[in-house]
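Peer 1:
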Amino acid sequence: MRTVKVPLGDRSYPILIGSDALSRLATECTRRHLASRCAVISDRTVAALYGATVQRALQKAGFDSILISVPAGETSKRLNSVQFCYDRLAAHRLERGSFIVALGGGVVGDLAGFAAATYLRGIAFVQIPTTLLAQVDSSVGGKVGVNLKTGKNLVGAFYQPRFVLCDLATLDSLPPREFRAGLAEVIKYGIIYDAALFRRLERDQDKILRRDRATLSAIVARCCAIKAEVVGQDETESGLRAILNFGHTIGHAIEAISGYGRFLHGEAISIGQVAAARISARWLGLPEREAGRIRALFDRAGLPTTIALSAAQRQRLFSAMKLDKKVRGGEIKFVLVKGMGEASFGHQVPVQLIERVLDGAPIIHHES
Ligand SMILES: NC(=O)c1ccc[n+]([C@@H]2O[C@H](COP(=O)([O-])OP(=O)(O)OC[C@H]3O[C@@H](n4cnc5c(N)ncnc54)[C@H](O)[C@@H]3O)[C@@H](O)[C@H]2O)c1
Ligand SMILES: [Zn+2]
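So the sequence shown is residues 2 to 369, counted in the numbering used here.
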């Protein structure tokens, strides 16, 4: 079992990563003197796969737990589902010392975390992320929340869990497309922060796609450590944390204009990262060879790297980029890399350059 610590003063917490991490649930809850009454929040798919195991482990250790499940998918990340959870929590008489276990992907983690942050002004919660994306990204850092009709993640809080269990065995049942989408975030950490991780991903690609547990354990741990390090320095995203949005400006806009259905988040940010790498080559002097390696790794992971846009769609893409929550004062700012593992944020890039990159024009270093 590997442990990664998220350093946030008295809200610091560990992430436990291993093939059998679930078996630690009851012990870790007991050690923290959490009250006996608790609730496992999950989605129906994950509840059917792992709900009974988790419930049994808790009950065997003397916890009085209920299972609350919502339909699988992004549409459950809304205030209606939060209300549904509150009602069940209250009916089961959860108190201040009680806790919530979030069992599932990022949707469940964000929803259950938000319910935990707000029910009785905040009760303890524990994350058991079961998608690769949730293990390396959404379960680390304490952002919780739900969507509004007008946009994603518009209601939320920063609220840290007591601990996180990443059980690599749960990834076995993950559909291949979801697994690849999670890899897009894994590759991101290499690009923005860790050239050695990127090399390892190139070298071990086959093992990763086979979901070899030892390889995944090392990689998930490294990604969590990177996110922990970044979040530890900038919890509320006033600066450095922005580098985690590499590829996301274009990625989010692609998700928005395609109606949040055609592309999974990981697929959209795969296209976004390849574009951001090409912009980096033109604007920051990232060697062309490195931009090529980046594209090749996403390709080999089976992720999309380009998007064909009509003039009208491109117009909508730019409007969507300007509407992004992260945009301040109408200026689109990019996270770029000047070398592998060396990201910086706040780059204002000319619109024409973005357009040329999206058209797939060859990389030219000097601007004319
Ligand atoms: N809080 C953050 O910092 C943060 C960061 C990144 C993303 N997010 C959020 O995370 C969400 C996306 O998360 P996601 O990609 O995990 O999606 P998800 O939670 O919808 O899970 C994807 C699908 O996989 C299924 N699933 C989950 N685990 C499984 C398993 N082990 N076996 C089989 N099926 C399984 C789910 O039922 C679902 O259908 C988005 O809402 C996004 O906004 C949050
Ligand atoms: Zn992302």
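By construction, the Cβ of each residue, glycine as well, lies at the ideal position given by its N, Cα and C atoms.
1) For L265, which option in A282, P305, L245, D300 has the closest C-alpha, if you only look at C-alpha atoms?
2) Give the DSSP-derived three-state secondary structure of D360 in the structure shown.
3) Beta-carbon separation of R79 and V147 under 8 Å?
4) When DSSP labels each residue in this structure, what does D168 get in the three-state scheme?
5) Return yes when at least one heavy atom of ligand 2 lies under 7 Å from the C-beta of I251, else no.
6) State yes or no: is the C-beta of V145 nearer than 7 Å to some heavy atom of ligand 1?
7) Using a Cβ distance threshold of 8 Å, determine whether the segment 41 to 50 contacts the segment 108 to 119, with at least three qualifying pairs required.
8) Who are Y87's beta bridge partners in DSSP?
9) Who are P130's beta bridge partners in DSSP?
10) Measuring straight from C-alpha to C-alpha, what distance separates C86 and G262?
11) For T31, which residues of its own chain have a beta-carbon under 7 Å away from its beta-carbon, when the five flanking residues on both sides are left out?
12) So, at 7 Å on beta carbons, what are the nonlocal neighbours of A22 in its own chain, with the 5 sequence-adjacent residues on each side left out?
13) So, at 8 Å on beta carbons, what are the nonlocal neighbours of L172 in its own chain, with the 5 sequence-adjacent residues on each side left out?
14) At a cut-off of 7 Å, would you count D111 as near ligand 2, judging by its Cβ distance to the nearest heavy atom?
15) Where A27 and L184 are concerned, what is the direct C-alpha to C-alpha distance, given to the nearest angstrom?
16) Go ahead and pull the three-state DSSP assignment for Q349.
17) Is E186 near ligand 2, going by C-beta to nearest heavy atom under 7 Å?
18) Considering only C-alpha positions, which residue in the set E236, Q84, K153, S37 is nearest to V102?
19) Report yes if the C-beta of E96 is less than 7 Å from at least one heavy atom of ligand 1; otherwise report no.
20) On a CA-only basis, which of A321, R294, Q56 is nearest T151? Give me that one, please.
21) What did DSSP end up calling G62 once you bin it into helix, strand or coil?
22) So, is the C-beta of V275 closer than 8 Å to a C-beta in chain D?
23) Out of R301, G107, E236, S271, point me to the one whose CA is closest to T76's CA.
24) Would you kindly work out how many angstroms separate the C-alpha atoms of A309 and L359, rounded to a whole number?
25) Ligand 2 heavy atoms versus the CB of D325: any closer than 7 Å?
26) Between V47 and ligand 1, is there a pair consisting of the residue's CB and a ligand heavy atom that are separated by less than 7 Å?
27) Determine the direct distance from the alpha carbon of I270 to that of M341, and round the result to whole angstroms.
28) Given S20, which residues of its chain have a CB within under 6 Å of its CB, disregarding the five upstream and five downstream residues?
29) Apart from the five residues on each side of it in sequence, which residues of its chain come closer than 7 Å, Cβ to Cβ, to L9?
30) Secondary structure at E268, three-state DSSP: helix, strand or coil?
31) Does the beta carbon of N154 fall short of 7 Å from some heavy atom of ligand 3?
32) So does A73 have its beta carbon nearer than 7 Å to some heavy atom of ligand 1?
33) Count the other CB atoms, across all protein chains shown, that sit within 10 Å of the CB of S369; report buried if there are 16 or more and exposed otherwise.
34) Using a threshold of 8 Å, state whether the C-beta atoms of V187 and I227 are closer than that.
35) Could you check where the alpha helix (DSSP H) with D300 kicks off and where it finishes?
Peer 2: Here's the rundown:
1) P305
2) coil
3) yes
4) strand
5) no
6) yes
7) yes
8) In the DSSP output, where bridge partners are listed per residue, Y87 has none listed.
9) G105
10) 26 Å
11) A62
12) M2, L166, C167, D168
13) T131, T132, L133, Q136, F180, R212, L217
14) no
15) 30 Å
16) strand
17) yes
18) S37
19) no
20) A321
21) The residue asked about is misnamed: residue 62 is Ala in this sequence, not Gly. Coil, per DSSP.
22) In the displayed structure, chain D is absent; only one protein chain is listed.
23) G107
24) 8 Å
25) no
26) yes
27) 17 Å
28) L169, A170, R214
29) Q161, G233, E236
30) helix
31) For ligand 3, the structure offers nothing, since it holds only ligand 1 and ligand 2.
32) yes
33) Note that S369 scores a pLDDT of 38, beneath 50, so its modelled location is shaky; the value from the coordinates is reported in the next line. That one is exposed.
34) no
35) 289 to 301
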